[in-house]
Amino acid sequence: MKYTVLFILVFMIFFSCAEKVVEEPENLIPKEKMTEILHDLAILNAAKSSANRKFKDSGVDVMEFLYRKYDIDSAQFSQSDLYYASIPLEYQSIYEGVEAMLEQRKDTLEAMEKRRNDSVRKANLKRTDSIKKIQEAKGKKVIPSP
Numbered sequence: 008m009k010y011t012v013l014f015i016l017v018f019m020i021f022f023s024c025a026e027k028v029v030e031e032p033e034n035l036i037p038k039e040k041m042t043e044i045l046h047d048l049a050i051l052n053a054a055k056s057s058a059n060r061k062f063k064d065s066g067v068d069v070m071e072f073l074y075r076k077y078d079i080d081s082a083q084f085s086q087s088d089l090y091y092a093s094i095p096l097e098y099q100s101i102y103e104g105v106e107a108m109l110e111q112r113k114d115t116l117e118a119m120e121k122r123r124n125d126s127v128r129k130a131n132l133k134r135t136d137s138i139k140k141i142q143e144a145k146g147k148k149v150i151p152s153p
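Converting from the sequence shown to the working numbering requires adding 7 to each position, the first position being numbered 1.
Right, here's the structure in full:
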């Protein structure tokens, strides 16, 4: 009797997981495009939270901007988001793609910042060397380098 109940429970769980909860919408946003949209949404929301006053002053609505940029509407986005959310592995895959894109962007920005800092440091050293040369030529005390 125990095994029969256990078998029925396992059978029900197995087939209930395979059942689609939400039907695929006709105008489903492709997975790659959805990843790009959610990536842009994450960046815009972060920018909005750090510069909320500027966003309010500019009158830019983040979602309207994304709808225009990707040529979609709110219903299409909502239906696609709901559909992908009903398939946890697909949704996880999309968000892993978003995370990878954000990491790549972060690495790019950090590399640009490092190059900029190196250029500033190099320019400062060059300026200090120029000052040393001028002072040495005049016979004055040399400023120690940083």
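For every residue, glycine included, the Cβ atom is placed at its ideal position computed from N, Cα and C.
Let's test the definition: count the other Cβ atoms within 10 Å of the Cβ of residue 99 and tell me whether it reaches 16, buried, or not, exposed. exposed
So, helix, strand or coil for residue 35, using DSSP? coil
For a quick check, are the C-beta atoms of residue 40 and residue 74 less than 8 Å apart? no
Presumed contact (8 Å Cβ cut-off) between residue 2 and residue 36, rounded CB distance: The displayed coordinates of the chain run from 8 to 153. Any statement about residue 2 would go beyond what the structure contains.
Simplified DSSP state of residue 93, which is helix, strand or coil: coil
Exposed or buried, residue 44, counting other C-beta atoms within 10 Å across all chains shown (16 or more means buried)? buried
The alpha helix (DSSP H) spanning residue 64 covers which residue range? 59-65
On the CB-based measure, 16 or more other CB atoms within 10 Å of its CB, does residue 115 come out buried or exposed? Burial call: exposed.
Segments of 4+ residues assigned as alpha helix (DSSP H) that fall wholly inside the region 69-113: 69-77 and 81-92
Spatial neighbours of residue 32 within its chain, please: CB distance less than 8 Å, with the 5 preceding and 5 following residues excluded, ordered by chain position. 83, 86, 87 and 90
For a quick check, are the C-beta atoms of residue 38 and residue 101 less than 8 Å apart? yes
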